[in-house]
Each structure stands twice: as C-alpha cells, then as structure tokens.
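Numbering (the working numbering), first residue to last: 1 to 162.
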C-alpha cells in the first residue's frame, strides 16, 4: 500500500513542475541506473499521453521503472536464449499486471479517457486546468502506479533466486 510519505513526495514532484512520467521515475530514482538528468530527459516526451492523449504518463513511467528494475533482457546474441526468454516473460508479465491493475483502479489507461478530453486540442488544456482535472486525476494516477510498481517489484524480488 502506498504510504502517505510517498503520496506527499509525488505531490511535491508534481508541484515542482515535473510531468507524471518524470514524477514516477524520480520516485524510484535511488534504485534506477540513471541520473536525475537522464530520467528527466528520457521521461519528458511521455507527458499528456505522449502529447497525444494516449497512454497515461504515470503508466508509461511505471513501465520504464519496471524495465529498468527487473532482470535485464540480455542482448547481443542473434539466437533467443532461455535467459532472454525468461527475462522478457518476467518483464511482460509485470507490464501486463501494471496495465491491468491500473485499468481497474483508474477505469482507463489513456490521458484522454482519464481526463475526459484530449488536453492537446484547442483550449482543452485550459479547460482541464480550470476544472481542476490535473489536481484531481493525475495524483491518483501517480499513486496507483507507484503502489502497483511497489507491489510488483516486491513480489518479483522475493521470487528471484539468491
């Protein structure tokens, strides 16, 4: 379960101007093999559903966190190895779990559906801000993603050998 401290941290990241994807990744920064600057650059394009109202930036950030923190898919070989297949299966199972549980919690996975409009069209960004949608919907999306990622990572860590 996400803690009040984690919620406060996520709220502070949003208030500081970080987008949802950046906020999720920054939440896990001490565990990621990236610098803060790298996280900010990598996650920048994922705000507002890839700036098209598609997959929620928080959900995209969660997918990137899982990819970085679960066992890496070995690269460099042209033949599929059991190790590659196992790592890929682990990651894809985790991503599917994140998406399914996020869908259950938020009733949608896309920004356009979550906010009820594509904020990148016309005056919709202003309308969404005036309606308080960014303050009411986006933090809940962040909380859901962090909570689900914490659960997945704890479960996967306990299942790993060694």
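Note that beta-carbon positions come from the ideal geometry of N, C-alpha and C, so glycine has one too.
- Counting only unbroken stretches of 4 or more residues, no alpha helix (DSSP H) element lies wholly within the stretch 71 to 105.
- Under the three-state reduction of DSSP output, residue 117 falls in the coil class, being neither helix nor strand.
- Rounded to the nearest angstrom, the gap between the Cα atoms of residue 133 and residue 61 is 20 Å.
- Spatial neighbours of residue 40 in its own chain (CB-CB distance under 7 Å, excluding positions within 5 residues in sequence) are listed in chain order as 22.
- Residue 55 is bridged by DSSP to 110.
- The Cβ neighbour count for residue 82, taken over all protein chains shown within 10 Å, is under 16; the residue is labelled exposed.
- Cβ atoms of residue 149 and residue 109 stay farther apart than 8 Å, at about 15 Å.
- Distances from the CA of residue 6 to each of 145, 101, 100 were compared; the closest alpha carbon is that of 145.
- Burial check for residue 66: the Cβ neighbour count within 10 Å reaches 16 or more, so the residue is buried.
- Annotation: the continuous alpha helix (DSSP H) that includes residue 11 extends over 4 to 15.
- The stretch 87 to 96 makes no contact with the stretch 27 to 38; the number of CB pairs closer than 8 Å stays below 3.
- The beta carbons of residue 47 and residue 11 sit no closer together than 7 Å.
- Pairing residue 3 with residue 147, the inter-Cα distance amounts to about 9 Å.
- Burial check for residue 63: the Cβ neighbour count within 10 Å reaches 16 or more, so the residue is buried.
- A distance below 7 Å between beta-carbons, with the five flanking residues on each side excluded, links residue 137 to the following residues of its chain, in chain order: 114, 115.
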